[in-house]
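Q: Per our numbering, the sequence shown starts with residue 517, numbered consecutively.
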Amino acid sequence: MKPIVTLIVLAVLVTACNSKQKETKEEKQSEIMETKKELSNKEKATALLESLETGDQTPISYINPNKYIQHNLSVGDGLAGFGEVMKHAPEGGFKAKVVRSFEDGDYTFSHTIYDFFGPKVGFDIFRFEDGKIVEHWDNLAELTQVNPSGHSQTDGAEELKDLDKTESNKALVDDFLNTVLVNGGFDKMANYFDGDNYIQHNSMIGDGLSGLGKALEEMAKNGVTMVYNKVHKVLGEGNFVLAVSEGKFAGKHTSFYDLFRIENGKIAEHWDIIEAIAPEDTCKNTNGKFDF
C-alpha cells in the first residue's frame, strides 16, 4: 500500500505545483498586460484631443471629474464646460490630428490641427495629478496658407531627441525671450541662432533672422507692434521647448505660444500661435489665461 500512497501524494504535489505555476504565469501575463495598457501622460493627452474626432469615450476617463480647471476663456469650467462644447459639434463631429506631443513633469503640451468651428491650429497644455488631467490651457488660430518660405504652421521636424539637454534647452529659450523680446535686447539676438539657419513657421515670416528682420520692418511701416511683457511658463522635452507669454500684438492684449526646436545649443526652428485675449465680460470662466 505504501508505494500506492506515495504515488498518490506525489501526483497531488505535482498537480498542485503545476496549478501554482500556471497561476503564477497567468498573474505575470496579467501584470504585463496591465503594464502595456498604462499610457504615458502625453499619450493620454493625445487620445483625449483626438477623441474629438473619433468619438471614443474612453479618454474622458483620463480627466479628473471632480477637478478640471479650464483656461480656455470661451469654455465653461469643469467637465460640464467640456460637455457643453461637445453638444455643439457639427454633423460628423470635430476633427483633430495631433502632430507633436511632449511631456514635462506633470505637464503635457501638444501641437494639433483642428476643424473646430472652422479649420484651426493650436497648442494645448494639460496638467496631471495622479495620472488624471486636472487643468487645461490652449492657444488657437485660424489655419492659414504657407508662409513666404513655403512652410505651413505645423510641418517640419518631429523627431524627439537630446532628452539629457531638456533643462539647458529650456534655459536657452527662457533667456532668449526675456533678454530679446521682453527687455528689448535685439542686439543680442544673433547669440541664440546659428547664423541665418533658422526655419520659420509663422504664417507671415520667412526663414532666417533675415526673414524675421524683414517682417519686423514691414510691421513697423504699417504701425503694427508686437510686445512681450511677461514669460509665464516654459515647458520642454529634449530638443523641443514651448513658451507661454503675455503681451500685446497690434495693440491688443495677447497670448503668445512659441514652440522652438533646439539644435546644438541654438534655436533652429520655430512655430507659434498668437491669440488675442477675450475681454473679461465675454469669458465663460474666471480662471484666467495664464494662471500656472
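Even for Gly, the Cβ is constructed at its ideal location relative to N, Cα and C.
1. With DSSP as the reference, please indicate the residues paired to residue 640 in a beta bridge.
2. Could you check how far apart the C-beta atoms of residue 564 and residue 578 are, in whole angstroms? I think they sit under 8 Å.
3. Starting from residue 690, trace the alpha helix (DSSP H) in both directions and tell me its first and last residue.
4. Within its chain, find whatever has a CB closer than 6 Å to the CB of residue 552; leave out the 5 residues flanking it on each side and keep chain order.
5. Counting pairs of beta carbons, one from the segment 703 to 715 and one from the segment 656 to 663, are three or more of them closer than 8 Å?
6. Going straight from the alpha carbon of residue 723 to that of residue 709, what length do you get?
7. Would you mind working out which of 557, 751 and 792 sits nearest residue 646, comparing C-alpha positions?
8. Let's see if you can read the secondary structure: which residues bound the beta strand (DSSP E) around residue 757?
9. Given a threshold of 16 other Cβ atoms within 10 Å of its Cβ, counted over all protein chains shown, does residue 746 qualify as buried or as exposed?
10. So what does DSSP say about residue 665, is it helix, strand or coil?
11. Residues bridged to residue 709 by DSSP?
12. Beta strand (DSSP E) containing residue 618: first to last residue?
13. Among 750, 714, 734 and 601, which one has its Cα closest to the Cα of residue 621?
14. In angstroms, rounded to a whole number, what distance separates the CA positions of residue 602 and residue 589?
15. Based on the DSSP output, what are the partners of residue 752 in its beta bridges?
16. Applying the criterion that 16 or more other CB atoms from any shown protein chain within 10 Å of the CB defines a buried residue, is residue 640 buried or exposed?
A: Let's see:
1. 626 and 654
2. 6 Å
3. 682 to 692
4. With a pLDDT of 49 at residue 552, under the threshold of 50, the predicted position of this residue should be treated as unreliable, and no value is reported.
5. no
6. 12 Å
7. 557
8. 756 to 765
9. exposed
10. coil
11. 783
12. 611 to 620
13. 750
14. 16 Å
15. 757
16. buried
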